[in-house]
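As numbered in the working numbering, residues 1 to 227 make up the sequence shown, in order.
Every residue gets a Cβ at the ideal spot worked out from N, C-alpha and C, and that includes glycine.
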Amino acid sequence: NVFAQETNKDTLTVATNATFPPYEFIKDGKIVGIDMEIANKIAEKLNLKLNIVDMEFNTIISSIESGKAHIGMAGMTITKERLKSINFSVPYAKSTQIVLLNSNSRLEKIEDLKDKKIGTQLGTTGDIYAKDDFGEKNVQSFDKISDAILAMKNGKIDAIMIDQQTGRNYLSNDSALKKIEAPYVEEEYAIAINKSNKYLLDKVNKAIKELQDDGIIDKITKKYINS
Ligand code: ARG
């Protein structure tokens, strides 16, 4: 059985952080987005109902470790550090970091961020890179990127380090923002799963591969991203 010690055996619980369009966000009171559609397809293939739990990004991994959620899907990048606490599925998307600025900002390239205040979402790869490269004291971590954007508009921070697609999404809805590219490595998004649940990992990997082969992940992605 997928969920050895559980009462609710017909449900797959996915932990997410619905502040990350187009992967997960709230629309008309519902949690939607690329990840949620893929999660639904996976649950379907496993013959389970999908239960979505929205939480702070920073708590997703511990909720999987503690068994509160079976999988974590939140545009989550595979990192060595995270692999110490959880397993990752095969990747299903790629990303990199970009920097958002107020459209009237005079900053032009990543080097200009030196000694400036950079906003990030707490616990994300952008948060980690910004702290590594520009120093902890120059980085302010927010629970939500929307709060960081507000702080930038109010002049409290100068720039925001964020995943590319989500950054572009905020950008395309807000003419008071602009971006600069950041020379960071490519990141791969994958599904987080409890280390002890090899069975579920195999099932999820198989489902992702089928959804890729059938062009379904592509189709879902194109629905939200027109690049
Ligand atoms: N890809 C980045 C990371 O894994 C950011 C993900 C943020 N996701 C979210 N749903 N807020 O750290």
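### Message
Can you determine whether any heavy atom of the ligand ARG sits closer than 6 Å to the C-beta of Ala190, and answer yes or no?
### Response
Outside the cutoff, so no.
### Query
Is it the case that the CB of Asp132 approaches a heavy atom of the ligand ARG more closely than 6 Å?
no
### Message
Is Asp163 a contact residue of the ligand ARG, with contact defined as CB to any heavy atom under 6 Å?
### Response
Between the ligand ARG and Asp163, a heavy atom-to-CB distance of less than 6 Å is present.
### Query
Are the beta-carbon atoms belonging to Glu44 and Met36 less than 7 Å from one another?
Judged by their CB atoms, Glu44 and Met36 are not nearer to each other than the 7 Å cut-off.
### Task
Have a look at Asp127 and Met76 and give me their C-alpha separation to the nearest angstrom.
13 Å
### Query
Looking only at C-alpha atoms, which of Phe134, Leu107, Gly29, Val204 sits nearest to Leu48?
Val204
### Message
Using the three-state DSSP reduction, which class does Ser66 fall into: helix, strand or coil?
### Response
coil
#### Entry: For Asp218, the first and last residue of its enclosing beta strand (DSSP E)
That residue, Asp218, is in no beta strand (DSSP E); its alpha helix (DSSP H) goes 216-224.
### Query
Grouping DSSP H, G and I as helix and E and B as strand, with all else coil, what is Tyr170?
helix
### Query
Do Asn17 and Phe57 have their C-beta atoms within less than 7 Å of each other?
yes
### Query
Measuring from the CB of Thr77, is there a heavy atom of the ligand ARG at a distance below 6 Å?
Yes, since a heavy atom of the ligand ARG falls inside the 6 Å radius drawn around the Cβ of Thr77.
### Query
Just to check, is the beta-carbon of Phe25 closer than 6 Å to a non-hydrogen atom of the ligand ARG?
no
### Message
Looking at the strands, I want to know which residues DSSP matches up with Asp132.
### Response
In the DSSP output, where bridge partners are listed per residue, Asp132 has none listed.
### Query
For the ligand ARG, is there a heavy atom less than 6 Å away from the beta-carbon of Phe57?
yes
### Query
Quick one: is Asp30 buried, meaning 16 or more other Cβ sit within 10 Å of its Cβ, or exposed?
This sequence places Lys at residue 30; Asp is not what is there. Under this definition Lys30 is an exposed residue.
### Query
Taking the alpha carbon of Lys9 as the point to measure from, which residue in Leu200, Phe134, Gly215, Lys219 has its own alpha carbon closest?
Closest by alpha carbon: Leu200.
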